Amino acid sequence: MKIAVKYFASMRETMGKADEQTNLDEGATVNDLWASVATIPMAENTLIAVNMEYTNADHVLVEGDEVAFFPPVTGG
Amino acid sequence: MKVIVLDGEFDPWKAVSEYQNENIEDGKHGASVTFIGSMRDFNDGVDGISNMYLDHYPGMTEKHIGHVIEDAMEKWDVMDALVVHRVGDIKPNDAIVLVAVWSEHRAMAFDACRFIINDLKHRAPFWKREASDAGERWVEGNSIDAVADEHSNAKPK
């Protein structure tokens, strides 16, 4: 299944890109996605959003999902 | 309610005034509480911060803030709320964020305004990158504010 991946702020620099498309097997989780795109373990404070809603690394993905990885936020 | 994510300067007082004139029914609200966050030229022991870049997640930002306002309006019976948040390049003294809340009584407007700005600081997908003589750096997550926010009153110096 096709998954769109986005990276923001320092995560973009860590990954060396702002976004990418990837293909995963059905039933894959966010953790599986990370393992397929990254060569380093996910930092403990990494925030995860699927289709623009916060979730966790055990979230099971479906075709067409948009997954974002980013560091703790600093707005306001 | 309205959420505006803006790449460019804005006048928060004008935004409140215009929104109130256009959207808030005359004679129905007894309280309006406004929070404005501005850019300092110092942060975390670094002085002389000359400018800042605010990154965000287009789409999620608006969606997330919209949910938070809906939560606040339901929880405190707020009549209306306006949030404006800057992105892009920002200079010291610029307004970064505006939260304005209208309600029948002051307690609910104060509480809802605090709730919205605290969520904005800790959960809305914005990231600050500061530039000073020492170079550029991503600002660390809002953990210090998270501790301060545990207490409802600001700490005296």
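Protein sequence lines, in the order shown, are assigned to chains D and Y. Sequential numbering of the first sequence, starting at 232, is according to my numbering. Sequential numbering of the second sequence, starting at 5, is according to my numbering. For each residue, glycine too, the CB sits at the ideal point set by N, CA and C. The model shown is predicted, which means the values in this text are computed figures rather than measured ones.
1) Would you verify that the beta carbon of residue 63(Y) is, or is not, closer than 7 Å to some beta carbon of chain D?
2) What does residue 101(Y) reach in chain D if we use C-beta pairs closer than 8 Å?
3) To which residues of the same chain is residue 64(Y) closer than 7 Å at the C-beta, ignoring the five residues directly before and after it?
4) Is there contact here, the stretch 251–271 of chain D with the stretch 15–34 of chain Y, by at least three beta-carbon pairs under 8 Å?
5) Quick check for students: name the residue ranges of the beta strand (DSSP E) that lie wholly in the stretch 38–82 of chain Y, counting only runs of 3 or more.
6) Helix, strand or coil: how does DSSP classify residue 149(Y) here?
7) Please identify the residue among 57(Y), 131(Y), 85(Y) whose C-alpha is closest to the C-alpha of residue 38(Y).
8) Taking 6 Å as the limit between beta carbons, can you name the residues of its chain near residue 246(D), skipping five residues before and five after?
9) Are residue 234(D) and residue 253(D) closer than 7 Å when you measure CB to CB?
10) DSSP on residue 130(Y), reduced to helix/strand/coil?
11) Just curious, the beta strand (DSSP E) that residue 233(D) is in, first and last residue?
12) What runs of the beta strand (DSSP E), each 3 residues or longer, lie entirely inside the stretch 263–294 of chain D?
13) For residue 299(D), which residues in chain Y fall below 9 Å Cβ to Cβ?
14) Output the distance between the C-alpha atoms of residue 152(Y) and residue 257(D), rounded to the nearest integer angstrom.
15) Per DSSP, what are the beta-bridge partners of residue 110(Y) in this structure?
16) From residue 20(Y) to residue 104(Y), what does the alpha carbon distance come to, in whole angstroms?
17) Name the chain D residues that come within less than 7 Å of residue 18(Y), Cβ to Cβ?
18) Residues of chain Y with CB closer than 7 Å to the CB of residue 235(D), please, in chain order.
19) Look at the alpha carbon of residue 259(D) and the alpha carbon of residue 286(D), and state the distance between them as a whole number of angstroms.
20) Alpha carbon to alpha carbon, what distance is there between residue 250(D) and residue 236(D)?
21) Would you kindly check if the distance between the Cβ of residue 11(Y) and the Cβ of residue 91(Y) is under 7 Å?
22) In whole angstroms, what is the alpha-carbon distance linking residue 6(Y) and residue 66(Y)?
23) Going along chain Y, which residues have a C-beta under 9 Å from residue 259(D)?
24) Quick one: does residue 272(D) have its CB under 7 Å from some CB of chain Y?
Well, looking at it:
1) yes
2) 306, 307
3) 129
4) no
5) 55–60
6) Residue placement at residue 149(Y) is poorly supported in this model, since its pLDDT is 45, which falls under 50; the coordinates are not used for a value here.
7) 85(Y)
8) 238
9) yes
10) strand
11) 233–238
12) 278–281, 284–286
13) 61, 64, 129
14) The pLDDT assigned to residue 152(Y) is 46, lower than 50, so where the model puts this residue is not dependable, and the model offers no usable value.
15) Answer by DSSP bridge pairing: none, since residue 110(Y) is not bridged.
16) 7 Å
17) Neighbours of residue 18(Y) on chain D: none; closest Cβ ~20 Å, over 7 Å.
18) Under the 7 Å cutoff, chain Y gives no residues; its nearest Cβ is about 12 Å from residue 235(D).
19) 15 Å
20) 5 Å
21) yes
22) 10 Å
23) What residue 259(D) touches in chain Y: nothing, since even the nearest Cβ is about 22 Å away.
24) no
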